[in-house]
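Protein chains in written order, with this note's numbering: chain A, 114 to 226; chain B, 220 to 332.
Every residue gets a Cβ at the ideal spot worked out from N, C-alpha and C, and that includes glycine.
Everything numeric in this text was worked out from a predicted model, so none of it was measured.
To start, the structure itself, in structure tokens.
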């Protein structure tokens with residue numbers, strides 16, 4: 114298996130632009146997670162899905178952030194409009210079952226100018 | 220979820236055992252101890268988890284005290300590639316909220332030649 118795939122790996126955009134991050138989980142995994150990592154706040158869980166349904170979005174910072182999972186093999190995290198404070202590395206992870214090992218993707222490094 | 224306390228940083232000589240402590244004095248009976256690590260610029264990687272018995276796998280050993288208020292992750296023969304930030308996380312296994320991983324600041328382990 115190729116592991117969790119994220120795209121793009123790097124994204125540079127200007128403040129006010131829409132940004133879409135993409136994730137393909139490992140086939141057969143029923144949980145998908147979005148995390149954000151910054152120097153100031155460390156690794157934060159933003160939202161997670163079970164069988165394509167959002168279970169907990171309490172970590173989503175504000176309405177500018179939205180996440181979808183239209184099917185078992187694809188998820189997006191969208192920021193609209195983007196702001197410089199959104200600059201971070203965004204990780205996607207998946208697992209088979211709630212308590213089992215989470216496999217993380219390589220991350221998307223987002224820079225908002 | 221119970222909080223964890225870890226030393227900010229540790230050094231270890233290459234080839235020696237690395238013992239990383241974690242305090243989780245408020246752990247509940249149904250909470251497991253998980254360890255993940257993050258090598259620079261990569262996504263976190265699962266290492267091991269346990270409830271109350273000691274656990275061992277190909278990567279490490281996990282020693283949990285009898286009262287479950289603390290644990291130690293042991294890397295038996297540390298190599299330079301084990302240099303990373305190590306996270307100790309306590310959470311419920313499974314259930315509706317069992318998927319959440321709450322990362323603290325972790326321990327930055329430096330393995331030196």
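Leaving aside the five residues that flank residue 232 of chain B on each side, the residues in its chain whose CB is nearer than 7 Å to its CB run, in chain order, 331.
Within chain A, 158 have C-beta atoms less than 8 Å from the C-beta of residue 321 of chain B, given in sequence order.
Near chain B, meaning a CB-to-CB distance below 8 Å, no residue of the segment 170-191 of chain A qualifies. DSSP places residue 197 of chain A in the helix class (H, G or I) of the three-state scheme. Residues are counted here when their Cβ sits less than 8 Å from a Cβ of chain A; for the segment 222-238 of chain B the count is zero. Considered as a whole, the segment 269-302 of chain B harbours 280-283, 289-294 as its complete beta strand (DSSP E) runs of no fewer than 3 residues, in chain order. Within the segment 206-226 of chain A, those residues whose Cβ lies closer than 8 Å to any Cβ of chain B are, in chain order, 206, 208, 210, 211, 212, 214, 215, 216, 217, 218, 219, 220. Beta-bridge partners assigned by DSSP to residue 145 of chain A: A:162, A:207.
Setting aside the 5 residues that flank it on each side, residue 229 of chain B is surrounded in the same chain by 237, 239, 326, 327, 328, 329, each with a C-beta closer than 8 Å to its C-beta; the list follows chain order.
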